[in-house]
Amino acid sequence: MKHYLSINDIDSLPSWVDEAITLKKNPYQFQYLGEQKTICLLFFNNSLRTRLSTQKAAMYLGMEVMVMNFGSEGWALEYEDGTIMNQGTSEHIKEAAQVVSQFCDVVAIRAFAKLEDKTKDEAEEVLTGFAKHASIPIVNMESSVAHPLQALADAITLSEHKTKSKPKVVLSWAPHPKALPHAVANSFVEMMKKQDAEFVITHPKGYELNPEITKGFQIEYDQETALKNADFVYVKNWSGYMNYGEVLHQDTSWMMTQKKLDAAKFMHCLPVRRNVVVEDAVLDGHQSLVVEQANNRTFSALIVLKKILEVL
Ligand code: CP
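Residue numbers (the numbering used here): 42 to 353.
As structure tokens, then:
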């Protein structure tokens, strides 16, 4: 595998999940693969889990790790071809990507959607700019439209906790005071296309995700109906897609509660706002998988980096 940009770069999700679960027992098994190899982690946005888990995975594989908060410490990048750079940008992606390629063997990038211009966000200028101009493999640590390391960790978590061959999984929108991107929800939906499960998406009218991504899945506007007999409930806020980047409303009745969760397992990518997105009783209860999901971020990164190093 050259790049890991999307969950669709996985050739066989079940075999990657099985291998990741096996690697948890002996994570240093392939330490030789990354000897004398360097990964550079470039963050245009904040992170806790992605930063530490990707670093930990690289360490398990024997890699050297360099981390840069590009968003606050790097030069403002230009992405347009042929631009007269007499405004705010200082360095073109063409040079930046080639220069980064001299210092490391793999580069991982986090660059969120700005939620101002849908076309620009969907063009993924940071990720595709690096993919076009760098000469090394690129790993997506959450871009404008996708968070494939999170979705792979979620697939590992589902596999570890399912008690039937075809569980019911519900993706439920939740209220949030800020406009959040669609990346986590998008990649979770894409990942569910590769699962043998009954999958239902529930959100208030107006919060439809990109219909190209949700095509073929059931959308249920009544949360109570959607949650009936659920085995897993994945809760996530996202802003409007049609009304791009807008917080249409913060209907508090969509917050996840223990009563609504019933017997289902609770999932969320974190960070999460307590008693806004989900009530304390859920997060503090034994049905919450959020910490295990975060732990599995290490093993999703481990399997991705292993696949890249094997063909480097
Ligand atoms: N879930 C996730 O990506 O967490 P961070 O934003 O803290 O990296």
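Ideal Cβ placement from N, Cα and C applies to all residues, glycine included.
Chain C contact for residue i (CB, 8 Å cutoff)
i, result
"Ile-134", "Of the protein chains in the structure, only one exists, and it is not chain C."
Short Cβ contact (8 Å threshold) for residue i with residue j
i, j, result
"Ile-349", "Pro-178", "yes"
"Leu-54", "Lys-235", "yes"
"Met-297", "Glu-320", "yes"
"Pro-208", "Asp-272", "yes"
"Pro-245", "Gln-291", "no"
"Phe-157", "Gly-286", "With the sequence shown as reference, residue 157 is identified as Glu, and Phe is not the correct amino acid for it. Yes."
"Arg-92", "Ala-335", "no"
"His-223", "Leu-190", "no"
"Val-148", "Val-140", "no"
"Thr-79", "Met-42", "no"
"Val-345", "Val-180", "yes"
DSSP-derived helix/strand/coil call for residue i
i, result
"His-202", "helix"
"His-174", "helix"
"Trp-279", "coil"
"Leu-212", "strand"
"Arg-338", "helix"
"Lys-219", "coil"
"Ser-185", "coil"
"Lys-155", "coil"
"Lys-347", "helix"
"Ser-329", "strand"
"Lys-43", "coil"
"Leu-289", "coil"
"Asp-52", "coil"
According to DSSP, residues forming a beta bridge with residue i
i, result
"Leu-353", "Partner(s): none; Leu-353 has no beta bridge."
"Met-297", "Val-319"
"Ala-149", "Leu-82, Val-180"
"Glu-132", "Leu-118"
"Lys-207", "Lys-207 pairs with nothing; no bridge assigned."
"Lys-306", "Phe-273"
4-residue-minimum alpha helix (DSSP H) runs that sit fully inside the segment 63 to 128, ordered along the chain: Fully enclosed alpha helix (DSSP H) runs of 4 or longer: 90 to 101, 111 to 114.
Restricting to runs no shorter than 4 residues, where is the alpha helix (DSSP H) found entirely within the segment 225 to 274? Taken in chain order, the whole alpha helix (DSSP H) runs of length 4 or more contained in the segment 225 to 274 are 252 to 255, 264 to 268.
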